[in-house]
Amino acid sequence: MELSDNYVITVENSSLYRKLLKLPLTAICDLALRWSSSHGCKHPHEDVKATTERWKKKKVQRKIAASTVLLQYWPDGLNLLQLAQLDCYLLFHKPNSYVWMSQTAYNKNNEKVNLSIDPDSFISGIKNDLGKLYMSHLYFCKHPEFQMVVCRIQLFDYNNEFLSLTEVSSHEDDRSYPEITPDFGASIRKELVTRAPFYICFPLNSPVVIHTVGTDLYAKLILESVQKCIFGREKLTLVPNEDAPIKNLKTLNILHGTSRYAHSLGPWSAYAESDIELSPLTDSKAHELVCGRSILCKTSEFTKEALMEKTMIKFKGRSYKGHFHRVSEAKRRFDKMIYRSANTSEKCSSSSFNSNYASLIPATNVEFILKDEITAQENVTIKFTFQGNDIFGGLHELCDRDLIDLEKVPGWLAGENGPDSGLIENGHFTKAYTKGRLI
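When we follow UniProt numbering, the leftmost residue of the sequence shown carries the number 1, and every step to the right adds one.
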């Protein structure tokens with residue numbers, strides 16, 4: 001049974017208020033404008049537009065904007081489509097709020113198969129399949145930063161008190177559930193039990209499906225329905241990847257999406273950005289092959305700036321100028337996609353835009369086992385365990401502070417293997433799979 005986009009369920013204002021406070025002011029204003037133009041509002045759209053422009057100009061506190069949106073503009077509550085859009089905005093701005101895992105599609109010959117999703121038929125199939133057991137609501141959107149489509153699926157159930165009332169009517173007219181009508185909807189809003197939303201991401205031109213981690217009955221039911229609707233009669237299967245669950249959607253998108261960085265991380269990332277090889281689509285006069293790059297050798301005069309430049313090349317594969325250009329371009333594209341405007345004064349909350357040391361793929365938990373032969377008779381094994389918000393970004397900063405000798409930092413400590421743990425034997429890295437551990 002499908003619930004319409006305009007259906008309003010009972011959600012505590014305090015919960016919605018906390019969600020809005022997690023967003024930057026620009027995002028709150030954008031949501032208010034979008035909702036007032038498509039979902040109706042207690043105030044005219046032009047008034048809402050003028051108010052949001054004033055908020056951004058004066059940089060008012062977010063709590064003022066959030067309370068105005070909930071108490072003045074939509075005092076009767078947000079409908080299901082508004083709730084879905086709010087959750088997706090949180091997903092875009094707070095990518096570390098969920099734990100993600102991935103699965104790969106294989107055919108009967110054990111070959112990877114790129115998925116081709118038709119949103120209309122997929123939504124229709126999911127609704128028909130899940131509607132046999134639960135009420136549901138689906139929302140599709142394109143990720144503003146990554147080349148992927150995000151699907152939010154939410155199930156609704158009746159609580160025990162309401163089910164006991166419907167059992168009587170089921171004997172009378174052989175209906176387990178009453179029909180959901182606009183008049184009847186108001187009387188059962190409080191009787192609906194809202195399940196946590198389940199997110200599924202489909203990277204474009206990729207055999208991989210990325211989804212939030214869920215072990216309950218609802219998550220398993222959704223995954224079975226998704227697999228049925230994607231493959232249809234084709235003999236394809238989804239096989240979970242051996243990577244541990246990751247609390248960063250960007251990491252999975254880079255590793256399993258269409259990104260060129262998947263095999264060019266750390267000091268090798270310059271190859272993914274065409275900083276090494278000349279591209280016919282770029283300005284050849286401004287390329288490093290033509291302009292050159294300053295080379296630091298042991299006889300060069302030591303300066304703080306020289307050390308920072310050297311560590312940047314070691315950990316990020318680019319100069320400071322190239323790093324800042326990439327960061328500013330990524331922020332500009334994100335703002336333009338999500339706010340429909342390239343001119344925004346508010347900084348994005350993502351940590352990748354706030355630190356010179358932030359890694360492209362922030363590893364939070366890695367282990368390295370160093371196995372080497374010291375003498376002809378003795379082998380030595382050393383185990384390194386690192387934990388933090390961004391391990392290689394932290395090592396980068398320690399090198400900048402001259403607390404670690406940059407000349408002795410190997411590539412596997414500079415992030416060239418991304419978030420993977422592994423065995424280093426005679427200088428060669430071998431990936432180790434650590435199932436069940438959160439990266």
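By construction, the Cβ of each residue, glycine as well, lies at the ideal position given by its N, Cα and C atoms.
For residue j and residue i, the rounded distance between their alpha carbons
| i | j | result |
| --- | --- | --- |
| K142 | T311 | 36 Å |
| L395 | H428 | 20 Å |
| I9 | V193 | 10 Å |
| V60 | G388 | 33 Å |
| L423 | A219 | 34 Å |
| N365 | I117 | 34 Å |
| P95 | D87 | 11 Å |
| S259 | S102 | 16 Å |
| V213 | K304 | 45 Å |
| L33 | A66 | 13 Å |
| A50 | K57 | 11 Å |
| R401 | S359 | 17 Å |
| K247 | C41 | 36 Å |
| G266 | G418 | 7 Å |
| L78 | W35 | 10 Å |
| N128 | L71 | 36 Å |
| T52 | N107 | 51 Å |
| residue 457 | V99 | One cannot answer for residue 457 here, as it falls past the ends of the chain, which runs 1 to 439. |
| N109 | L115 | 16 Å |
| residue 441 | C201 | Outside the displayed range of the chain (1 to 439) lies residue 441, so it cannot be described from this structure. |
| Y357 | L403 | 15 Å |
| F231 | T237 | 8 Å |
| A196 | D405 | 48 Å |
| S37 | E46 | 9 Å |
| R233 | T215 | 26 Å |
| K228 | N13 | 37 Å |
| T251 | D420 | 11 Å |
| I28 | S15 | 15 Å |
Residue i and residue j closer than 8 Å at C-beta
| i | j | result |
| --- | --- | --- |
| L223 | M148 | no |
| L221 | S136 | no |
| P245 | T104 | no |
| E367 | F384 | yes |
| L23 | L91 | no |
| Y17 | H43 | no |
| S225 | I126 | yes |
| I153 | L138 | yes |
| G257 | F146 | yes |
| L80 | Y7 | yes |
Residues that DSSP places opposite residue i in a beta bridge
| i | result |
| --- | --- |
| I424 | L370, F429 |
| I200 | C151, H211 |
| T303 | For T303, which the question treats as bridged, DSSP gives no partner whatsoever. |
| P240 | Q103 |
| D118 | D118 pairs with nothing; no bridge assigned. |
| S259 | None, per the DSSP bridge assignment. |
| Y139 | R152 |
| D157 | V193 |
| K383 | I369 |
| K112 | Y106 |
| V8 | N79 |
Burial state of residue i (16 or more Cβ within 10 Å)
| i | result |
| --- | --- |
| V239 | exposed |
| T430 | exposed |
| R54 | exposed |
| N426 | exposed |
| residue 440 | What is shown of the chain runs 1 to 439, which leaves residue 440 out entirely. |
| D243 | buried |
| L413 | buried |
| Q82 | buried |
| S169 | Only weak support exists for where S169 lies, its pLDDT of 42 falling under 50; the coordinates are left without a value. |
| A186 | Unreliable positioning characterises A186 in this predicted model, as indicated by a pLDDT of 47, which lies under 50. The coordinate reading is nonetheless provided below. By the 10 Å Cβ count, A186 comes out exposed. |
| E416 | buried |
| V150 | buried |
| V48 | buried |
| S269 | buried |
| P75 | exposed |
| L255 | buried |
| A432 | exposed |
Proximity to residue i [Cα-Cα], best of the options
| i | options | result |
| --- | --- | --- |
| P410 | F315, P362, D420 | F315 |
| H39 | Q85, E407, L115, K235 | Q85 |
| residue 487 | L130, V150, P267 | This structure gives no information on residue 487, because the portion of the chain shown stretches from 1 to 439. |
| F386 | I369, S264, E378 | I369 |
| N241 | S264, T381, D216, V209 | V209 |
| N253 | P362, L398, S15, D216 | P362 |
| L307 | V380, Q227, L398 | L398 |
| S264 | G317, K19, S97, S121 | G317 |
| E111 | I64, K235, L20 | K235 |
| P144 | I64, L249, S97, V113 | L249 |
| L25 | D5, V11, R62, K19 | R62 |
Chain B within 8 Å of residue i, Cβ atoms only
| i | result |
| --- | --- |
| S225 | No chain B is present in this structure, which holds just one protein chain. |
Cβ-heavy atom distance, residue i to the ligand FAD, below 7 Å
| i | result |
| --- | --- |
| L78 | As far as ligands go, the structure on display features none, and thus does not contain the ligand FAD. |
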